[in-house]
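Inspection log for the structure reproduced underneath, given as structure tokens.
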Amino acid sequence: MLNWLGLNYNLSTKVSLFLLYILILAGGVVRCTGSGMGCPDWPKCFGMYIPPISVDQLPENYEKIFIEGRIKKNERLSSVLSFFGLNKLSEKIKSDPEIKKGESFNVFKTWTEYINRLIGALVGLSLLFVFLCSIFLKPLNRKLILLSFLSLVLVFFQAWVGSIVVSTNLLSGLITFHVIVALLIICNVILCYHLSSKNENNYGRSKPLNFFIVISLTLFIIQMVLGTEVRESVDELLKLYGFNFRENIIESLNNSFKIHRSFSLLILLFQIMTVVTIYLKFKTHNYFKLLSVIMLVIIISEILVGAGMAYFSIPKILQPIHLFIAFIAFGLQFYILLLNFSLKKT
38 MLNWLGLNYN LSTKVSLFLL YILILAGGVV RCTGSGMGCP DWPKCFGMYI
88 PPISVDQLPE NYEKIFIEGR IKKNERLSSV LSFFGLNKLS EKIKSDPEIK
138 KGESFNVFKT WTEYINRLIG ALVGLSLLFV FLCSIFLKPL NRKLILLSFL
188 SLVLVFFQAW VGSIVVSTNL LSGLITFHVI VALLIICNVI LCYHLSSKNE
238 NNYGRSKPLN FFIVISLTLF IIQMVLGTEV RESVDELLKL YGFNFRENII
288 ESLNNSFKIH RSFSLLILLF QIMTVVTIYL KFKTHNYFKL LSVIMLVIII
338 SEILVGAGMA YFSIPKILQP IHLFIAFIAF GLQFYILLLN FSLKKT
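Straight run, no breaks: the sequence shown in the working numbering ends on number 383.
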């Protein structure tokens with residue numbers, strides 16, 4: 038049994054990675070449907086482990102109960118932030134009027150958020166299993182044990198950040214941080230998978246490829262942060278002017294949107310250069326060439342989806358797809374970088 042755990046370490050990382058991407062897609066659905074506050078408390082949902090299906094299952098003053106609980110939690114959070122010298126963020130949380138707004142029960146939003154949390158719990162369990170498998174690897178691999186434990190710590194930290202996002206009623210800035218932590222988890226699990234795989238090492242490492250991929254990854258992180266800021270701006274505008282304002286929303290966005298749009302072309306340029314570099318350097322390495330072409334197709338698809346969002350007033354159905362493709366693209370670029378680093382130095 039214990040040997041079986043070690044033998045299935047690589048498979049367990051693949052399953053965890055798959056579940057992580059399902060969670061990202063689910064999180065995108067939560068965001069685009071406005072279900073982030075479908076459960077006003079955490080880890081329970083309306084004080085229950087299995088949420089209600091009707092408002093009749095809740096007390097009459099349920100909104101007041103959960104607002105008071107949220108305020109108390111945020112007071113404790115503000116005290117902790119002040120203790121660590123983060124006074125501006127502490128004051129922002131205390132003074133944000135959105136935190137004191139109630140959330141009416143909506144069965145669709147509640148269960149959408151609840152399913153998202155269940156998938157998150159499944160991801161946590163899968164990464165716990167990855168850690169257990171790492172302990173029984175033969176021969177003992179301390180690096181993989183440490184990295185697997187780090188994945189577990191990061192996913193629990195991400196769950197805690199998620200609880201803060203809920204308690205602060207989707208406070209702007211925290212959602213961006215939530216996305217960055219998700220990127221770290223994805224990278225760490227991909228690294229665990231890569232280190233436990235048997236990688237071909239008959240080719241020399243390409244320094245130009247490292248350069249292009251590192252620049253692409255850096256640009257991609259900036260692009261995703263900008264995208265999250267654009268999304269937060271969209272949310273703020275919709276709160277102020279209502280859903281009917283959606284048709285005019287692109288014209289009302291700040292410079293973050295223009296930079297976000299222009300950045301996509303820069304990322305595409307570096308990706309084309311990456312593909313050219315791979316085809317010139319690895320003429321007989323079909324796996325590398327296939328990955329680079331898939332990467333290029335994904336980047337182009339992401340740009341087209343982004344253009345669709347801009348030209349069709351940000352339709353809800355495209356929002357989770359846009360986020361999901363972005364995470365796929367980032368993960369694949371990181372994996373190509375790892376593959377190149379694993380090759381022999383020349």
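Virtual Cβ for every residue (Gly too), placed ideally from N, Cα, C.
It should be emphasised that the depicted structure is a prediction, and the values quoted were computed from it without experimental measurement.
Check: Do L114 and L254 have their CB atoms nearer than 8 Å?
Finding: Position 77 of the sequence shown, counted from the first residue, corresponds to residue 114. Position 217 of the sequence shown, counted from the first residue, corresponds to residue 254. No Cβ-Cβ contact shorter than 8 Å links L114 with L254.
Item checked: Sequence-distant residues of the same chain with beta carbon closer than 7 Å to I286, five excluded per side -> As a first step, residue 286 must be located in the sequence shown, where it is residue number 249. Hits under 7 Å: V271, L274, S350, I351.
Check: For C76, does the three-state DSSP call read helix, strand or coil?
Finding: Against the sequence shown, residue 76 aligns to sequence position 39. Three-state DSSP puts C76 in coil, outside helix and strand.
Margin query: Taking 8 Å as the threshold (C-beta atoms), are H297 and L328 in contact?
Written below: Looking up residue 328 in the sequence shown gives position 291. Looking up residue 297 in the sequence shown gives position 260. Taking a C-beta distance under 8 Å as the contact criterion, L328 and H297 do not qualify as a contact pair.
Check: Smallest Cα separation from L369: which of F319, I336, K353, E112?
Finding: Here residue 369 corresponds to residue number 332 of the sequence shown, with the count starting at 1. Minimum Cα distance to L369 is reached at I336.
Notebook entry, point to check: Can you tell which of N111, L44, D78 has its C-alpha closest to the C-alpha of E100?
Noted result: As a first step, residue 100 must be located in the sequence shown, where it is residue number 63. Nearest C-alpha to E100: D78.
Checklist line | Inter-residue Cα distance where the pair is Y372 and V144 | finding: Working through the sequence shown from its first residue, we reach residue 372 at position 335. Working through the sequence shown from its first residue, we reach residue 144 at position 107. Those two C-alpha atoms are separated by around 40 Å.
Check: Which residue spans inside the stretch 79-144 form an unbroken alpha helix (DSSP H) run of at least 4?
Finding: 99-120, 124-132
Margin query: Tell me whether the stretch 165-181 and the stretch 88-95 touch, counting them as touching only if at least three CB pairs, one residue from each stretch, are closer than 8 Å.
Written below: Flag = no, the stretch 165-181 and the stretch 88-95 do not touch.
Next item on the list: Can you give me the start and stop residues for the alpha helix (DSSP H) that K326 sits inside?
Entry: Here residue 326 is taken as the residue at index 289 of the sequence shown, counted from 1. Looking at the DSSP string, the run of the alpha helix (DSSP H) that includes K326 is 323-348.
Next item on the list: To the nearest angstrom, report how far apart L164 and L184 are at their CA atoms.
Entry: Residue mapping note: residue 164 aligns to position 127 of the sequence shown, counting from 1. Residue mapping note: residue 184 aligns to position 147 of the sequence shown, counting from 1. Looking at the two C-alpha atoms, the distance is approximately 11 Å.
Item checked: Unbroken alpha helix (DSSP H) run spanning P176, endpoints -> The residue labelled residue 176 in the question sits at position 139 within the sequence shown. Looking at the DSSP string, P176 is not in any alpha helix (DSSP H), and its letter there is neither H nor E.
Next item on the list: Verify whether the separation of the beta carbon atoms of G65 and Q356 is less than 8 Å.
Entry: Residue 65 sits at position 28 when you count from the first residue of the sequence shown. Residue 356 sits at position 319 when you count from the first residue of the sequence shown. A contact, by the Cβ cut-off of 8 Å.
Notebook entry, point to check: For K320, which of helix, strand or coil comes out of DSSP?
Noted result: In the sequence shown, counting from the first residue as 1, residue 320 sits at position 283. Note: K320 maps to coil in three-state DSSP.
Note to self: Once DSSP output is grouped into helix, strand and coil, what is the label at P352?
What the structure shows: By one-based count along the sequence shown, residue 352 stands at place 315. In this structure, P352 counts as coil in the three-state DSSP scheme.
Margin query: Between the stretch 47-54 and the stretch 214-234, can you find at least three pairs of beta-carbon atoms closer than 8 Å?
Written below: yes
Checklist line | Contact belief for V67 with T149 at Cβ below 8 Å, rounded distance in angstroms | finding: Working through the sequence shown from its first residue, we reach residue 67 at position 30. Working through the sequence shown from its first residue, we reach residue 149 at position 112. That belief holds up - the Cβ atoms of V67 and T149 are roughly 6 Å apart, short of 8 Å.
Margin query: Using C-beta distances below 8 Å, list every residue in its chain close to K353, excluding the 5 sequence neighbours before and after it, in chain order.
Written below: By one-based count along the sequence shown, residue 353 stands at place 316. Hits under 8 Å: C69, T70.
Check: How would you label A344, buried or exposed, when you count the other beta carbons within 10 angstroms and need 16 or more for buried?
Finding: Start at 1 with the first residue of the sequence shown, and residue 344 comes out as number 307. By the Cβ-count criterion, A344 is exposed, with fewer than 16 other Cβ atoms from all chains shown falling within 10 Å of its own Cβ.
Item checked: Where K235 sits in the DSSP three-state scheme -> As a position in the sequence shown, residue 235 is number 198, starting the count at 1. Reduced to three states, the DSSP call for K235 is coil.
Checklist line | Pair within 8 Å by beta-carbon distance, N111 and I130 | finding: The residue labelled residue 111 in the question sits at position 74 within the sequence shown. The residue labelled residue 130 in the question sits at position 93 within the sequence shown. Yes; because the gap between Cβ atoms is below 8 Å, this pair is in contact.
Item checked: For Q260 and S301, the rounded distance between their alpha carbons -> Taking the first residue of the sequence shown as position 1, residue 301 is located at position 264. Taking the first residue of the sequence shown as position 1, residue 260 is located at position 223. Looking at the two C-alpha atoms, the distance is approximately 8 Å.
Checklist line | Exposure label - K146; buried when at least 16 CB within 10 Å | finding: By 1-based counting over the sequence shown, the position of residue 146 is 109. K146 comes out buried.
Check: Got a sec, what are the start and stop residues for the alpha helix (DSSP H) S289 sits in?
Finding: Against the sequence shown, residue 289 aligns to sequence position 252. Where S289 is concerned, the enclosing alpha helix (DSSP H) stretches over 286-289.
Next item on the list: Can you grab the Cα-Cα spacing for the pair Y384 / A196, in whole Å?
Entry: Limits of the chain in this structure are 38 at one end and 383 at the other, which puts residue 384 out of reach.
Check: Taking Cβ positions, are I250 and T311 nearer each other than 8 Å?
Finding: Translated into positions along the sequence shown, residue 250 becomes position 213. Translated into positions along the sequence shown, residue 311 becomes position 274. A Cβ-Cβ contact shorter than 8 Å links I250 with T311.
Checklist line | Collapsed DSSP secondary structure at L380 in the structure displayed | finding: Here residue 380 corresponds to residue number 343 of the sequence shown, with the count starting at 1. Coil, per DSSP.
Notebook entry, point to check: Got a sec? Which residues, its chain only, sit under 8 Å from P245 by beta carbon, not counting five neighbours each side?
Noted result: Residue 245 sits at position 208 when you count from the first residue of the sequence shown. Cβ within range, chain order: T314, K318.
Next item on the list: Can you say whether P88 is buried or exposed, counting buried as having 16 or more other CB atoms within 10 angstroms of its CB?
Entry: Locating residue 88 in the sequence shown gives position 51, where the first residue counts as 1. Per the 10 Å Cβ criterion, buried.
Notebook entry, point to check: Does DSSP put S163 in a helix, a strand or coil?
Noted result: The count along the sequence shown starts at 1 and reaches residue 163 at position 126. If DSSP states are grouped into helix, strand and coil, S163 belongs with the helices.
Item checked: Own chain partners of V387 with C-beta closer than 7 Å, once the 5 adjacent residues on each side are dropped -> This structure cannot speak to residue 387, because the chain is shown only from 38 to 383.
Checklist line | I243 - DSSP class collapsed to helix/strand/coil | finding: The sequence position of residue 243 within the sequence shown is 206, counting from 1. It is worth fixing the name first, because residue 243 is Ser in this sequence and not Ile. Note: S243 maps to coil in three-state DSSP.
Next item on the list: Output yes or no for whether 8 Å exceeds the beta carbon distance between F193 and G161.
Entry: Looking up residue 193 in the sequence shown gives position 156. Looking up residue 161 in the sequence shown gives position 124. Yes, these two residues count as a Cβ contact at 8 Å.
Item checked: Whether L189 touches V218 by CB criterion (8 Å) -> Reading the sequence shown from its first residue, position 152 is the one you call residue 189. Reading the sequence shown from its first residue, position 181 is the one you call residue 218. Going by C-beta atoms, L189 is not nearer than 8 Å to V218.
Margin query: In whole angstroms, give me the CA-to-CA distance for F364 and S132.
Written below: Translated into the one-based positions of the sequence shown, residue 364 becomes position 327. Translated into the one-based positions of the sequence shown, residue 132 becomes position 95. So the two alpha carbons sit approximately 33 Å from each other.
Checklist line | Under the three-state DSSP convention, the category K45 falls into | finding: In the sequence shown, the residue the question calls residue 45 occupies position 8. Here residue 45 turns out to be Asn, not Lys, going by the sequence shown. Coil at N45, not helix or strand.
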